[in-house]
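First residue of the sequence shown? That's 595 in the working numbering, and the numbers climb one at a time after it. Glycine included, every Cβ here is placed at the ideal spot set by N, Cα and C. In this text the structure is predicted, and so the values were computed from the model without any measurement.
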Amino acid sequence: MHIADNDEKLSLKEKAGFACGDFASNLFFMAFTMYGLYFYTDVFGISAAVVGSMFLLARIWDAINDPIMGLIADRTRSKWGRFRPYLLWMAIPYGIVGFACFLVPDWGVGAKTTYAAITYILFGMIYTAVNLPYSGLMAVISPNSLERTKIAGFRFIGANSGALFVALCIPLLVQFFGAENEQYGYKVTMGLVACLATILFFVTFATTRERVEPPAGQSSSVLRDMSDLFRNKPCFLLFLVGLLFLGSLSVHLASVPFYFKYYVSESYELFGWQLETQELIGAFFTWGTMCALLGVLTTRHVVKLFGKVNAFLILMTLSSMFWFPQYFLGPDDVSTLFILEGFSAFFAGPTPAIVFAMYADTVDYSEMKTGRRSTGLVMSFASLGMKVGWAIGGALGGWILAGTGYIPNQEQTPEAIQGIRAMLGWIPAGMGLVSGALMLVHPLTDKKMEEVSGSLARTRGAALASAEQSP
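What follows is the structure in structure tokens.
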């Protein structure tokens, strides 16, 4: 059994290569989060209620699909490790199916809806097959909790850089390639995005390696692995945290294209720049992502100052406080909206890295308690929580639009405008506050994780010594 040095430092090359994986993941993930609801209603041409239900149906299937993928990854044995092979094998399918989601066939409404549902659900499965092993790789890239926190920071620098690319480039490229034909603009743009994502996953595969293996002699029992997961209470708590956090972010971001298209005037002078609707949308997403990226850069310092648990609680509370007043802004308060969004995004920036670092901690905690390591299954649970939150945000947005009488490409009723403003402001703020408050009962503090890491180091050392003494 290979056991890495607990104090081994990861190289900058490996950290940067690992970050490329979440850049690739976020090229499509954030495209769906920022523009998915708008694309399916205003460009693809299906109703908001159907889109919301489609988002939720896909995540219900993921409740089955994600744990299966986690179990498969835990049982994978190859010369490249347990998790890295999937970055190689699934990169091309990821690009192809992601691209297919943004094609608009010239069919009837029923056939188009079926096509949208099939491609969207299939993309969710492919996303699981590549991103879940990528998340699992973070838990085995180093046995050191501090090193994992550092690489989680690099991961979400990559994630936010991918989101920045999506925010800045997609609306501009859609307009450049499509002009008034958004369907063609999305087709060409997302084809380019698919090629870039595929290449970046290959880079991550080539520049990383796995350093932590399951305990020697660990048997492969699905029932035992599931039993260990259900007894891992910190993991379940993080599931709820991730669900609410990503749900809040998803419903907030999904509202933005509608907010600027139907609530703000078609042209607005922002800080001396005259911007049209699509330019405003791109500028808003770009500004928020840049501020979030600045926040990510503070992750290590914030965690060192407050600890992971308290850092998440403080940051999520502050972020939500700057979301809430966005509901009350008038259509001409765009400058104020940008300022509030900048603060909210900055404080939210480090939170995904902190959550995934804590998920990796729950893998160590479970190994200490049970003597077994089920990295893939735990990370599948993490992935499921994030995707369910993503779906709830998108579904909630679709249902709110449908319930308030939203009709695509028409002047909206006051009720529909109220719904859009609520999606931007107080709804995500409430979800974010609850997400942060759950940290008050999270048991795996930094002090506790020092005990866990020490215990595992002694256990692994004893196992290695025993193996070396065996004839």
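Where residue i falls: helix, strand or coil (DSSP)
i: HIS596; result: Confidence at HIS596 is low in this model, with a pLDDT of 46, below 50, so its placement is unreliable and the value that follows should be read with caution. It is coil, neither helix nor strand.
i: GLN868; result: strand
i: PRO1037; result: coil
i: ASN659; result: helix
i: LEU604; result: coil
i: ALA773; result: coil
i: PHE677; result: coil
i: PRO765; result: helix
i: PHE906; result: helix
i: TYR780; result: helix
i: GLU961; result: helix
i: SER672; result: coil
i: GLU1009; result: helix
i: PRO946; result: helix
i: MET1043; result: helix
i: LEU891; result: coil
i: THR998; result: coil
i: LEU931; result: helix
i: GLN920; result: helix
i: MET684; result: coil
i: SER938; result: helix
i: PHE750; result: helix
i: TRP701; result: coil
Cβ shell of residue i (< 7 Å), same chain only, five flanking positions each side left out
i: PHE918; result: GLY1019, TRP1020, ALA1023
i: LEU923; result: THR930, LEU931
i: VAL644; result: THR707
i: VAL734; result: PHE677, GLU804, ARG805, VAL806, THR969
i: ASP636; result: PRO1002, ASN1003
i: ILE875; result: PRO765, VAL850, PRO851, PHE854
i: ARG653; result: LYS981, VAL982, ALA985
Distance, residue j Cα to residue i Cα
i: LEU740; j: VAL858; result: 45 Å
i: SER1047; j: LEU912; result: 31 Å
i: LEU1050; j: ALA954; result: 14 Å
i: ASN826; j: THR956; result: 7 Å
i: PHE670; j: ASP819; result: Sequence inspection shows Thr at residue 670; the Phe mentioned does not correspond to that position. The alpha-carbon atoms of THR670 and ASP819 are separated by roughly 15 Å.
i: ALA947; j: GLU1044; result: 19 Å
i: ILE986; j: TYR856; result: 23 Å
i: THR1039; j: SER736; result: 19 Å
i: TYR1000; j: LEU631; result: 13 Å
i: LEU843; j: LEU891; result: 19 Å
i: GLY1013; j: MET1025; result: 16 Å
i: ILE793; j: ALA685; result: 8 Å
i: PRO1037; j: THR743; result: 17 Å
i: SER849; j: GLY988; result: 9 Å
i: PHE717; j: ASP927; result: 38 Å
i: THR998; j: PRO925; result: 19 Å
i: LEU767; j: MET624; result: 16 Å
i: ASP656; j: TYR721; result: 10 Å
i: TRP701; j: PHE638; result: 11 Å
i: ALA996; j: LEU888; result: 36 Å
i: GLY615; j: PRO1008; result: 43 Å
i: VAL760; j: MET784; result: 10 Å
i: LYS603; j: ARG967; result: 22 Å
i: SER605; j: LYS673; result: 22 Å
6 Å Cβ shell around residue i - same chain, five flanking residues per side excluded
i: PHE916; result: LEU934, PHE937, SER938
i: LYS609; result: ILE745, PHE748
i: LEU823; result: LEU971
i: ALA711; result: MET648
i: LEU681; result: PHE795, THR798, PHE799
i: SER960; result: ASP822, ASN826
i: VAL896; result: ALA905, PRO944
i: PHE950; result: ALA746
i: VAL835; result: SER1029, LEU1032
Proximity of residue i and residue j at Cβ, strictly below 7 Å
i: MET628; j: PHE852; result: no
i: MET910; j: SER1029; result: yes
i: GLY841; j: ALA613; result: no
i: LEU832; j: MET952; result: yes
i: GLY646; j: GLY992; result: yes
i: LEU697; j: LYS607; result: no
i: SER974; j: LEU790; result: no
i: VAL724; j: LEU621; result: no
i: GLY611; j: THR801; result: yes
Residues near residue i by beta carbon distance below 8 Å, same chain, minus five either side
i: ALA886; result: ASN754, ALA757, ALA939, PHE940, ALA942, GLY943
i: ALA1016; result: TYR921, ILE994
i: GLN769; result: GLY779, GLN872
i: PRO828; result: MET952, ASP955, THR956, TYR959, HIS1036, PRO1037, LEU1038
Closer than 6 Å: residue i CB and nearest the ligand MN heavy atom
i: THR1007; result: Within the structure as shown, the ligand MN is missing, as the structure has no ligands at all.
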